[in-house]
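First residue of the sequence shown? That's -4 in this note's numbering, and the numbers climb one at a time after it.
We treat Cβ as the ideally placed atom computed from N, Cα and C, and that holds for glycine.
Let me begin by presenting the structure, written as structure tokens, before commenting on it.
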Amino acid sequence: MNSKQNCSIAMLMAVNQVLNTNKKQLNDIKAMVTSMKEFNVIIGKIKVIHRLQSYHTCHRYYEQTKDDCEMIKTTVQMAAALYVYANTFDESDLTSRVMITPAGLRKMPNNSLKNVCKSIYRIALSEIDHLCKFGINKALLEKLKQEIDSFEKNTARPKNNIMTTTQMRLELQELQHKAEELLTKRLDKIMLLLEVTQPKAYKAYLDARSIKEMENSVLADEVV
């Protein structure tokens, strides 16, 4: 998102917070209740888009930072110890199962990488009683398990249907437009009714709406 979109989203979220915080007082106005429900639905959809965008960003991040991935380093260390152990006791089948390289792991898609690391972890877990002499202990096993769990969590696809980056951008723009239109045409006018009766809530609403005005100053700074 660009600076203009960031300001707009920040304003919408701030307004939503104000409305929900003052929900009890605002529920006395029938028109406000209906508008708030519509606004909450739109904000909910915007939050879903944000989660999807976070997934895409995180997915790209993990693709780009495999050189520094601790999970790969720990897996390679464990596989090397297993390889030495297998050769020492002439276990050719085990030798072939643990022959991996850092470069090979980095080239793998996230799902394949995760599965290989899990495989090495399971092998080491089953042979842990014999691996202490080769530098593998339960602490290192636990470390790898935590790294795999973290990697899996951060690269997991969300349950929602995955949208393309372009689809998300267009959907977000449409939702922003709907939300801002709802504010301008209805909520701004309804909130005027609270200027006297609920001055605290009214001021908080105005403060939230003023975030939108930051767009001009931000854009001016970018031009300069």
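query: What's the call for L187, buried or exposed, on a 16-neighbour Cβ count within 10 Å?
result: Counting other Cβ atoms within 10 Å of its Cβ, L187 stays below 16 and is therefore classed as exposed.
- request: Answer with buried or exposed for F34, where buried requires no fewer than 16 other C-beta atoms within 10 angstroms of its C-beta.
  value: Flag for F34 reads buried.
message: Could you check whether the Cβ of A26 sits closer than 7 Å to any heavy atom belonging to the ligand ADP?
response: Because no ligand of any kind appears in the structure shown, any question about the ligand ADP cannot be addressed here.
field: I206 - DSSP class collapsed to helix/strand/coil
entry: I206: helix per DSSP, three-state reduction.
message: To the nearest angstrom, how far is the alpha carbon of I143 from that of L77?
response: Rounded to whole angstroms, the gap between the alpha carbons of I143 and L77 is 18 Å.
- request: Return the chain-ordered ranges of every alpha helix (DSSP H) run that is complete within the segment 59 to 124 and spans a minimum of 4 residues.
  value: Runs of the alpha helix (DSSP H) inside the segment 59 to 124: 65 to 83, 87 to 92, 97 to 102, 105 to 121.
- request: Check each candidate in E65, E166, M6, T179 and name the one with the smallest Cα separation from Q48.
  value: It is E166 whose Cα lies nearest to the Cα of Q48.
message: What does the alpha-carbon distance come out to for the pair D202 and V43?
response: Counting only the Cα atoms, V43 lies some 25 Å from D202.
message: Residues in the same chain with beta-carbon distance under 6 Å from N17, minus the five sequence neighbours each way, listed in chain order, please.
response: Scanning its chain for C-beta atoms nearer than 6 Å, with the 5 sequence neighbours on each side dropped, one finds around N17 the residues A196, in chain order.
Assigned secondary structure, E33 (DSSP; H/G/I helix, E/B strand, else coil): The DSSP-derived three-state label of E33 is helix.
- request: Consult DSSP for L14 and reduce its assignment to one of helix, strand or coil.
  value: Residue state, collapsed to three classes: helix.
- prompt: Using the rule of at least 16 other Cβ atoms within 10 Å of the residue's Cβ for burial, across every protein chain shown, is F84 buried or exposed?
  reply: For F84, the number of other beta carbons within 10 angstroms of its own is below 16, and it is reported as exposed.
- request: Express the C-alpha separation of T192 and H172 in angstroms, rounding to a whole number.
  value: Between H172 and T192, the C-alpha separation is close to 30 Å.
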